[in-house]
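*Asks:*
Numbering (my numbering), first residue to last: 32 to 510.
1) With a Cβ-Cβ cutoff of 8 Å, do residue 411 and residue 368 count as a contact?
2) Spatial neighbours of residue 457 within its chain, please: C-beta separation below 8 Å, excluding the five flanking residues on both sides.
3) Helix, strand or coil: which one does DSSP assign to residue 297?
4) For residue 421, tell me which candidate among 384, 392, 450 has the shortest Cα-Cα distance.
5) Comparing the C-beta of residue 127 with each C-beta of chain D, is any distance below 8 Å?
6) Out of 250, 413, 261, 273, which has the shortest C-alpha to C-alpha gap to residue 386?
7) Relative to the C-alpha of residue 247, which residue among 220, 232, 479, 278 is closest?
8) Which stretch, first to last residue, makes up the alpha helix (DSSP H) that contains residue 98?
9) Apart from the five residues just before and just after residue 222, which ones in its own chain have a Cβ nearer than 7 Å to its Cβ?
10) I'd like the span of the beta strand (DSSP E) that includes residue 546, first residue to last.
11) Three or more C-beta pairs closer than 8 Å, one from the region 353–360 and one from the region 391–398: is that the case here?
12) Kindly list the residues whose CB is nearer than 6 Å to the CB of residue 393, restricted to its own chain and excluding five residues on each side of it in sequence; keep chain order.
13) Report the option in 192, 129, 287 whose CA atom is closest to the CA atom of residue 206.
14) Can you name, in chain order, every residue of its own chain whose Cβ lies under 6 Å from the Cβ of residue 301, other than the five neighbours on each side?
15) Please state whether the Cβ-Cβ distance between residue 228 and residue 256 is less than 8 Å.
16) Tell me the DSSP secondary structure of residue 471 in three-state form.
17) Bridge partners for residue 500 per DSSP, in chain order?
18) Is the separation between the beta-carbon of residue 294 and that of residue 488 shorter than 8 Å?
19) Check residue 353 in the structure and name its three-state DSSP category.
20) Leaving aside the five residues before and after residue 102 along the sequence, list all residues of the same chain whose C-beta is less than 6 Å from its C-beta, in chain order.
21) Is the number of C-beta pairs between the region 58–72 and the region 127–138 that are closer than 8 Å three or more?
22) Give me, in chain order, the residues of the same chain whose beta-carbon lies closer than 7 Å to that of residue 40; leave out the 5 immediate sequence neighbours on both sides.
23) Within the continuous alpha helix (DSSP H) that includes residue 173, where are the two ends?
24) Measuring alpha carbon to alpha carbon, tell me which of 261, 168, 179, 360 ends up nearest residue 97.
25) Count the other CB atoms, across all protein chains shown, that sit within 10 Å of the CB of residue 233; report buried if there are 16 or more and exposed otherwise.
26) Determine the extent of the beta strand (DSSP E) in which residue 268 is found, giving its start and end residues.
27) To the nearest whole angstrom, what separates the beta carbons of residue 443 and residue 496, a pair I think is in contact under 8 Å?
28) Could you give the distance in angstroms between the alpha-carbon of residue 252 and the alpha-carbon of residue 32?
29) Looking at the unbroken beta strand (DSSP E) that takes in residue 260, where does it start and where does it end?
30) Relative to the C-alpha of residue 379, which candidate in 118, 317, 310 has its C-alpha closest?
31) How close, in whole Å, do the beta carbons of residue 267 and residue 285 come, if the pair is a contact with beta carbons under 8 Å?
32) Kindly give me the distance between the Cβ atoms of residue 417 and residue 423, rounded to whole angstroms, as I take these residues to be in contact under 8 Å.
33) Going straight from the alpha carbon of residue 494 to that of residue 201, what length do you get?
34) Label residue 269 either buried or exposed according to how many other C-beta atoms from any shown protein chain fall within 10 Å of its C-beta, with 16 as the threshold for buried.
35) Is DSSP giving residue 147 helix, strand or coil here?
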């Protein structure tokens with residue numbers, strides 16, 4: 032009874048603390064609103080003062096331009112008026128002279144005077160330059176008026192709505208789409224969108240705290256996030272709009288399921304001369320530092336070969352019951368495959384001499400067994416020791432593959448249909464297909480001698496595997 036009462040009291044105390052935090056948050060938001068609104072009002076007053084000053088300055092410039100234009104036109108009109116008055120006076124004098132000419136009775140003298148009068152009459156001809164435009168003035172305020180009308184108060188944009196049906200998860204990429212916000216809904220143009228995403232294993236609590244990855248300056252209503260490692264069950268995404276003034280609230284978070292096969296190396300199974308570091312396995316024989324270039328390249332006094340021992344003469348120490356030993360430089364994954372389709376990749380690192388990648392039954396693989404030497408393991412074997420070779424191995428049978436050594440090997444396992452495929456990822460080449468009826472849980476298995484390998488997990492089955500699944504039926508396979 033006391034224990035139950037204590038739980039109730041603790042629950043009430045937690046609720047009281049949550050309510051207090053909520054009230055503090057509301058009060059802080061209200062204070063922030065008051066401060067922000069006062070700041071905006073102050074900024075508005077400053078901008079209006081600047082606008083008024085700019086209008087006064089522009090008005091003074093326009094007044095000076097109008098005065099100059101008025102003076103120019105008045106001077107031109109005065110000039111034309113003066114010339115016109117002078118021409119009118121001359122015309123009157125010439126008219127009087129012409130009237131006097133009419134009284135001449137001598138025909139020869141009359142013709143001489145007439146010619147002189149006509150000559151001076153042509154010289155009095157004027158070309159008026161006055162037009163209606165000389166008395167017109169126009170000031171265009173349409174651009175300024177349109178600019179003032181474009182001044183808007185920009186509230187914070189509302190939260191967008193993620194279009195779940197338009198979201199796509201494929202090839203370790205996520206495409207997120209959302210409904211656009213119109214300018215009318217936002218009371219102004221939306222300049223860009225911002226998206227945040229994070230990984231989680233809980234679909235029921237997408238609002239849980241955690242670090243968000245951000246993608247800014249998105250101008251479209253969708254974005255693709257590429258090159259992800261799907262090492263969680265879900266990726267939660269949210270988006271918000273931003274106008275010139277501020278960013279709005281985030282949309283409701285949406286959890287997108289990201290199915291992929293994740294595993295690490297089971298260090299308890301690793302051969303004593305294999306070093307595990309994250310997603311990398313390195314061969315480091317006891318007594319020889321495999322990464323020291325001087326020791327690797329040191330020649331034996333009695334031999335022209337490198338001091339690096341061959342895989343048939345290097346022994347491993349026993350460090351645990353499950354640890355591989357002898358010449359089996361092997362390490363297993365820490366996750367089993369009991370159904371479905373799975374995919375992972377392997378990359379050889381520098382100075383490697385031989386490696387294997389495949390799957391095995393944990394219970395059927397002995398501590399001294401090498402991959403592909405029994406019916407309990409299937410693998411792709413590559414070697415650069417003495418000669419270059421690539422082969423598929425199972426049940427102590429090897430099939431040589433006529434293909435260069437890949438720099439990136441993809442492994443696809445369809446447990447339910449009994450298919451194990453190996454692919455040269457860079458060349459998109461199907462190397463080999465094993466077909467079998469798997470009767471026990473499978474586990475990823477790796478062997479490395481000299482150098483090292485790195486393994487990429489958290490990968491979805493790539494879309495290009497669909498081409499191999501539809502065409503591999505005519506390829507030779509091993510049981």
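By construction, the Cβ of each residue, glycine as well, lies at the ideal position given by its N, Cα and C atoms.
*Replies:* By the coordinates alone:
1) no
2) 437, 438, 439
3) coil
4) Residue 384 is the option with its Cα nearest to residue 421.
5) The chain labelled as chain D is not found in the depicted structure, where only one protein chain is given.
6) Shortest Cα-Cα distance from residue 386 to any of 250, 413, 261, 273 involves 413.
7) 278
8) 33–132
9) Contacts found: 273, 274, 275.
10) The requested residue 546 does not occur in the structure, where the chain is confined to residues 32 to 510.
11) As far as the Cβ criterion goes, the region 353–360 touches the region 391–398, which means the pair count is three or higher.
12) 474
13) 287
14) 307, 362
15) yes
16) Here residue 471 sits in coil by DSSP.
17) Answer is none; residue 500 lacks a bridge partner.
18) yes
19) coil
20) none
21) Because the criterion of three Cβ pairs below 8 Å is not met, the region 58–72 and the region 127–138 do not touch.
22) none
23) Residues 173–180.
24) 168
25) Taking all protein chains in view, the Cβ of residue 233 is surrounded by fewer than 16 other Cβ atoms within 10 Å, so the residue is classified as exposed.
26) Boundaries of the beta strand (DSSP E) around residue 268: 265–273.
27) 6 Å
28) 57 Å
29) Taken as a continuous stretch (DSSP letters only), residue 260 belongs to no beta strand (DSSP E), as it is neither H nor E.
30) 310
31) 7 Å
32) Incorrect: roughly 20 Å between the Cβ atoms, too far for contact.
33) When rounded, the distance between both Cα atoms is 8 Å.
34) buried
35) Helix.
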